[in-house]
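Enquirer: Note that our numbering has the sequence shown beginning at 29, numbered continuously upward. Heads up, the beta-carbon is just placed ideally off N, CA and C, and yes, glycines get one too.
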Amino acid sequence: ILNEGALHACEVSASQLQEVLDHEARELQRREQAYRVGRAPLQLKDQTVILIDDGMATGASMMAAVHAVRTHSPARIVVA
29 ILNEGALHAC EVSASQLQEV LDHEARELQR REQAYRVGRA PLQLKDQTVI LIDDGMATGA
89 SMMAAVHAVR THSPARIVVA
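#1: Taking one C-beta from the region 73-83 and one from the region 94-105 each time, how about it: are there three or more such pairs within less than 8 Å?
#2: Cα separation between Ala-93 and Ile-29?
#3: Starting from the N-terminal side, write out each stretch of the beta strand (DSSP E) that is 3 residues or longer and does not extend beyond the region 58-98.
#4: Taking only the alpha-carbon atoms, compute the straight-line gap between Arg-58 and Val-97 and give it to the nearest angstrom.
#5: In the DSSP assignment, find the unbroken beta strand (DSSP E) run with Ile-105 in it and report its ends.
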């Protein structure tokens with residue numbers, strides 16, 4: 029999720045943004061491998077998914093999680 033207004037206000041160039049996106053993609057892949065430890069991803073299609081955030085200040089991370097889960101076609105998403 030990108031905040032276009034903040035990117036514009038901070039004068040972030042397309043190449044700078046791409047560099048950060050590439051770095052974060054590599055970090056996400058590293059974390060996925062570390063946390064999953066060889067296990068297959070959970071199958072969320074037609075399931076009820078409960079997302080819990082014990083420190084939801086801005087809601088940005090929860091919105092990103094909801095967006096990611098929606099791509100897997102769950103029956104319901106419950107945010108707690």
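Expert: Looking at the coordinates:
#1: Output reads yes: the region 94-105 touches the region 73-83.
#2: Cα to Cα, the separation comes out at about 10 Å.
#3: Runs of beta strand (DSSP E) with 3 or more residues, each lying fully within the region 58-98, are found at 76-79, listed in chain order.
#4: Those two C-alpha atoms are separated by around 19 Å.
#5: From DSSP, the beta strand (DSSP E) with Ile-105 extends over 104-107.
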